[in-house]
Amino acid sequence: MSATKDKWLKYRFLKKYEQLAPYVPGTKLMSKSALWKLISKYRRVILKPVRGSRGRGIIQVSSIGGHTYALHFENVKINIQGKENTYKYIQKKIGSTRYMIQRRIARPTIGGCPFDMRVIIQRKENSRKWKVTAKIAKVAGRGYVVSNNERSKGRLLPVKTAIRKSTIHHLSSTRLQSKMKRVSLRAARRLRGLFPRHRIYGLDVGFDLKGHPWIIEANLYPSMSHFLKLKDRTMYRRIMAYKKR
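Take any residue in the sequence shown, note its place counting from 1, add 3, and you have its number in this note's numbering.
Quick look at the structure:
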């Protein structure tokens with residue numbers, strides 16, 4: 004199995020690094036006991052395919068009290084009574100696909116829709132120095148859990164604008180972006196140990212309600228579509244220029 008698409012492998016590699024561990028959400032491979040353990044600890048979790056992409060197959064599971072669990076996938080929400088029924092339903096939905104369970108980070112919202120960031124980090128061919136070449140905020144479409152643009156019909160905003168319009172507008176945008184940059188560069192340097200020849204990463208980074216950055220996912224072949232959709236092509240051109248160097 005190609006390591007580049009294995010989210011579980013990348014997750015463990017990042018989490019084991021002491022300087023990154025506080026920025027990587029608690030995650031386990033899918034199993035009945037792991038699911039209930041993480042739900043009792045965090046109350047809300049995200050189930051994602053180990054080899055999924057573009058937000059496909061993602062299910063949010065929340066404990067809403069009275070032995071009732073809310074499942075949210077795509078723009079569909081259902082409530083199920085009891086652990087047994089809930090687990091049976093999830094099993095039927097995911098089939099034999101290998102899944103992992105991740106703590107759901109409560110993200111800030113813009114007009115009630117959560118957002119996170121896509122950060123592109125690159126290095127030139129013969130350089131060890133990583134650089135953040137692009138970043139954009141992805142706002143989930145109304146009623147969706149995932150912020151993937153195509154999947155949730157969401158929108159894209161400059162990171163500074165997203166912070167200003169969001170529920171964490173009272174926090175310093177400069178400080179938040181500087182934290183995000185520091186964590187992203189640290190992750191790229193760490194991942195070099197796993198993929199020594201790789202020169203580009205697309206990280207999904209989300210702030211929580213206190214402005215703490217979390218690495219939700221690391222992509223080795225990030226889609227450029229976000230940056231192509233912007234009127235201003237500066238970031239797209241910068242990414243492409245780095246790719247050639």
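For each residue, glycine too, the CB sits at the ideal point set by N, CA and C.
Since the model is a prediction, treat every value here as computed from it, not as a measurement.
Secondary structure at residue i, three-state DSSP: helix, strand or coil?
i, result
"I42", "helix"
"N88", "helix"
"Q105", "strand"
"S133", "It should be pointed out that residue 133 corresponds to Trp in this sequence rather than to Ser. If DSSP states are grouped into helix, strand and coil, W133 belongs with coil."
"K127", "coil"
"F210", "strand"
"M4", "Model confidence at M4 stands at a pLDDT of 43, short of 50, so the residue's coordinates are unreliable and nothing is read from them."
"V186", "helix"
"Y20", "coil"
"S34", "coil"
"R1", "This structure cannot speak to residue 1, because the chain is shown only from 4 to 248."
"H75", "strand"
"I81", "strand"
"R158", "strand"
"A140", "strand"
"S65", "strand"
"P25", "helix"
"T100", "coil"
"I203", "strand"
"I113", "strand"
"I49", "strand"
"R193", "helix"
"R121", "strand"
"T170", "coil"
Contact check, residue i vs residue j under 8 Å by CB: the rounded distance?
i, j, result
"Y72", "T100", "Wrong, their Cβ atoms sit about 20 Å apart, outside the cutoff."
"I218", "A190", "6 Å"
"Q63", "H75", "4 Å"
"H118", "A165", "The sequence given here has Phe at residue 118, not His. Yes, they are in contact, since the Cβ atoms of F118 and A165 sit about 6 Å apart, within 8 Å."
"V142", "S187", "Contact flag wrong, Cβ pair sits at about 19 Å."
"Y245", "M227", "Not confirmed; about 12 Å, so no contact."
Can you tell which of the options has its C-alpha closest to the C-alpha of residue i?
i, options, result
"G209", "R200, R248, R106", "R106"
"L223", "D207, K234, F230", "D207"
"E220", "I49, R131, L212, K163", "I49"
"K91", "R202, K35, D211", "K35"
"R15", "R167, G68, M227, L194", "L194"
"A109", "K234, P216, M227", "P216"
"K182", "P25, Y20, L17, R47", "P25"
"K163", "L212, T177, H173", "T177"
"M33", "Y20, P111, I93, E77", "I93"
"K13", "K234, F198, M243", "F198"
"L212", "R236, H173, K234", "H173"
"I97", "I61, I67, E77, P111", "I61"
Return yes when the Cβ of residue j is within less than 8 Å of the Cβ of residue i, no when it is not.
i, j, result
"I139", "W133", "no"
"M103", "K51", "yes"
"I113", "S169", "yes"
"G214", "I171", "yes"
"K31", "L23", "no"
"R202", "R131", "no"
"L159", "K232", "yes"
"T136", "R248", "no"
"D9", "R59", "no"
"W39", "K86", "yes"
"P225", "G196", "no"
**Request:** Quick one: which unbroken beta strand (DSSP E) runs of 3-plus residues sit fully inside the stretch 216-244? Chain order, please.
**Result:** 216-222
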